[in-house]
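Residue numbers (the numbering used here): 414 to 775.
Don't be surprised by glycine CBs; every beta carbon is placed ideally from N, CA and C.
What you are looking at is a predicted structure, and each value in this text was computed from that prediction instead of being measured.
Presented below is the structure to which this report refers.
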């Protein structure tokens, strides 16, 4: 489906023609015409795993066994580290013994209460003695419940000595080795488990770029639904072999940068992408009735962009409003040029106002 940006611009190609470029007086010139052109916008991006989970211990102790290596793929529930289990096993044994003792106390209190009931019926003991026996039974049951809770806590603590992976993923760095004393308050995690089966790629657009995108599709929701798949250029400038899809657009503009964050998802079955990497997102955009001129045809003065038109055989500087595309190698001209204008295509840094230029007609 062809799309259009909501702006008026001109394109440095003839309608369904290649750019009209001639060599004249040592300088190449080009005649600009309006047309439709599909270009790409590049955005710096950071790569993150679908989940990057920092692993911290839930109990304190010395690491007695390291069960994985850096970069190893792990499954959910797989043991990563073992922390010294001796004190926690001893605490569990004590808790179990306390439960047994509490059960015996409950049994004794139950017998005493039942005996007091019979004696009370025969008017051998007072009501006070009966209620005292009953309260003793309630207290014994409460102590049993407390002992059982302590046993559960001791079992949990013992289980926490086996630090397990919370999800499938890849192990990050391992800053702590066997013999290291660790606790829940560590300044660094034991490691990080990154779910790299699918990668999230984060990048930003300016407010104006987001407005143009929203106008193009009608709304952000429609843009997310209908935008074409995007490409990812890796840090070595190679293209990632699989395309991705933009999934989210932030609803908040960063007041410090004036940008909006977006997130795209890329499949990663081959594990080529790594969490923490960087690259460039490439988004194709089709422009209607626009002009694209090469960056080499422009020059800048005090942050303003100019071209040299050829008027009556001489150069004449003209300011233009442009949008950078294709990584800044080309510009869309938003204002300043009209269809049929002739401009100098390259070497503009050597020209001056009024330099004679001969334009050859085809």
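- Per the C-alpha coordinates, the member of 660, 643, 662, 659 positioned closest to residue 653 is 643.
- By the Cβ-count criterion, residue 621 is exposed, with fewer than 16 other Cβ atoms from all chains shown falling within 10 Å of its own Cβ.
- Within the same chain, Cβ atoms closer than 7 Å to the Cβ of residue 671 are found at 619, 620, the five residues on either side in sequence being excluded.
- For residue 597, no beta strand (DSSP E) segment is defined, and its DSSP state is neither H nor E.
- Here residue 447 is not near residue 723, since their CB atoms are 8 Å or more apart.
- Inter-segment contact for the segment 728-744 and the segment 450-466 is present: three or more beta-carbon pairs are separated by less than 8 Å.
- Excluding residues up to 5 positions away in sequence, 697 lie with their Cβ nearer than 6 Å to the Cβ of residue 641 in the same chain.
- Secondary structure of residue 444 (DSSP, three-state): strand.
- About 18 Å separates the beta carbon of residue 571 from that of residue 469, a gap too long to meet the 8 Å contact definition.
- Nearest Cα to residue 709 within the set 674, 760, 444: 760.
- Straight-line spacing of the CA atoms in residue 485 and residue 506 works out to 35 Å.
- At a Cβ-Cβ threshold of 8 Å, residue 726 and residue 770 count as neighbours.
- Distance from the Cα of residue 694 is smallest, within the candidate group 662, 657, 701, 681, for 657.
- In this structure, the CA atom of residue 564 is about 7 Å from the CA atom of residue 512.
- Under a 10 Å Cβ-count criterion, residue 445 is classified as buried, with 16 or more other Cβ atoms of the shown protein chains found around its own Cβ.
- In terms of Cα proximity to residue 609, the closest of 590, 683, 592, 705 is 683.
- For the 8 Å CB-CB criterion, residue 614 and residue 579 do not form a contact.
- Contact annotation: the segment 700-717 does not touch the segment 659-673, with fewer than three C-beta pairs closer than 8 Å.
- Taking the C-beta atoms as reference points, residue 529 is found no nearer than 8 Å to residue 514.
- Per DSSP, the unbroken beta strand (DSSP E) holding residue 674 starts and ends at 672-680.
- Separation of residue 625 and residue 458 (C-alpha to C-alpha, rounded to the nearest whole angstrom) is 20 Å.
- Apart from sequence neighbours up to five positions away, the residues of its chain that approach residue 597 with a beta-carbon distance below 7 Å are 469, 470, 471, ordered along the chain.
- In the three-state DSSP reduction, residue 463 falls in the strand class (E or B).
- Taking a C-beta distance under 8 Å as the contact criterion, residue 575 and residue 492 qualify as a contact pair.
- Per the DSSP secondary-structure output, residue 717 pairs in a beta bridge with 714.
- If you draw a straight line from the Cα of residue 667 to the Cα of residue 627, it comes to about 18 Å.
- When only Cα atoms are considered, residue 730 and residue 763 end up about 13 Å apart.
- About 5 Å separates the CB atoms of residue 587 and residue 604; that is less than 8 Å, so the two are in contact.
- Considered as a whole, the segment 620-657 harbours 620-630, 633-639 as its complete alpha helix (DSSP H) runs of no fewer than 4 residues, in chain order.
- The Cβ-Cβ distance between residue 678 and residue 611 falls below 8 Å.
- Under the DSSP assignment, residue 509 falls in the alpha helix (DSSP H) whose first and last residues are 499-534.
- DSSP, read as helix, strand or coil, puts residue 669 in coil.
- A residue is called buried when at least 16 other Cβ atoms come within 10 angstroms of its Cβ; residue 553 meets this threshold and is buried.
- Exposed is the label assigned to residue 521, since fewer than 16 other Cβ atoms lie within 10 Å of its Cβ.
- Rounded to the nearest whole angstrom, the C-alpha separation of residue 561 and residue 551 is 15 Å.
- Counted as a single uninterrupted DSSP element, the beta strand (DSSP E) harbouring residue 691 occupies residues 691-703.
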